[in-house]
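A.B. asks: The numbering of the sequence shown is numbering that gives the first Met the number 0, which starts it at 0 and goes up by one.
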Amino acid sequence: MARIDLNADVGEGMALDVALLAVVTSANVACGGHAGDAATMRATLLGAQHHGVTIGAHPGWADPGHFGRARLTLPLHALRETLQTQLAALQAVARETGTAVRYVKLHGALANQAAEDDALADAVAGVLHEAQLGWLVMPRTAMQRAAQGAQVLFHTEAFADRTYDAHGLLTPRDKPGAVLHAPHVIADRACAMLERQALLLADGRWLATPIDSLCVHGDTPGALAIAEILRARLLERGWQVRALDW
């Protein structure tokens, strides 16, 4: 039976996080950069533990005023420091709660920049190699190249509720159609990408790539309904919805 992970970005102060944790198989937990604090991290980790959900860190630019979605230009040593600080914060709470952080998924602008910039992606890979954490990457981008070069264990994800430009990168959020909202449309599109093992691009082309995980953003309006309908559709199509091995 074909297998797929269903992940969500959580711990960002959204009301439906607890309910989402009952649907997804992996949780990307905000760790104090773009969002989150010790209390939200603790509650999210305990919720993930209760539902048997695999835990990942979700660091972004330390810019909560823009929710980590504004592009920043920092020296690479500053990038490494902010990543190390955020990972250490989540890992400290994980030790307190008897849970474990298995991987990292970058947030927002930091993720988009790491998909495009080899030097930035290499800096991230170095931090993850030292921390012995896996990396959930955007496929066929600088992220994947950096993970391979640094021998960091990685898996690839596709975004269920976002669209892709002609280069296989995420459509900027300020462009029309960048974020999808109709649950059944999202589910059909995600299943089509899985069956083809390819990303559907804005110009109608398909970009072939293995897809190990599907993401639903916890802050997308209707995220819970999207996740529930997507999971149901996956099961109907014969997919085993299960967390990744890290």
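Here a beta-carbon is modelled for each residue, glycine too, at the ideal position from N, C-alpha and C.
Could you check if H166 is buried or exposed, using at least 16 other CB atoms within 10 Å of its CB as the buried criterion?
C.D. replies: exposed
A.B. asks: Within the chosen definition, does the stretch 178 to 187 reach the stretch 223 to 233 through at least 3 CB pairs nearer than 8 Å?
C.D. replies: Judged by Cβ distances under 8 Å, the stretch 178 to 187 makes contact with the stretch 223 to 233, as three or more pairs qualify.
A.B. asks: Quick one: grab the DSSP three-state call for E156.
C.D. replies: strand
A.B. asks: Taking only runs of the alpha helix (DSSP H) that begin and end inside the stretch 178 to 209, which ones reach a length of at least 4 residues, in chain order?
C.D. replies: 182 to 195
A.B. asks: Looking at the secondary structure, which residues open and close the alpha helix (DSSP H) in which A110 lies?
C.D. replies: G107 to E115
A.B. asks: For L75, I'd like the list of residues in its chain whose CB is within less than 8 Å of its CB, leaving aside the five on either flank, ordered along the chain.
C.D. replies: A118, L119 and A122
A.B. asks: Pop quiz: V103 and A56 are said to be a contact at Cβ under 8 Å. What is the actual Cβ separation, rounded to whole angstroms?
C.D. replies: 5 Å
A.B. asks: Where L89 and A42 are concerned, what is the direct C-alpha to C-alpha distance, given to the nearest angstrom?
C.D. replies: Rounded to the nearest angstrom, the two C-alpha atoms are 12 Å apart.
A.B. asks: Applying the 10 Å Cβ sphere with the 16-neighbour rule, what's the burial state of P249?
C.D. replies: The structure shown does not extend to residue 249, since the chain is modelled only from 0 through 245, so no value can be given for it.
A.B. asks: Going by alpha carbons, who is nearest to L193 out of T219, H216 and V240?
C.D. replies: V240
A.B. asks: Less than 8 Å between the beta carbons of N6 and L105, yes or no?
C.D. replies: no
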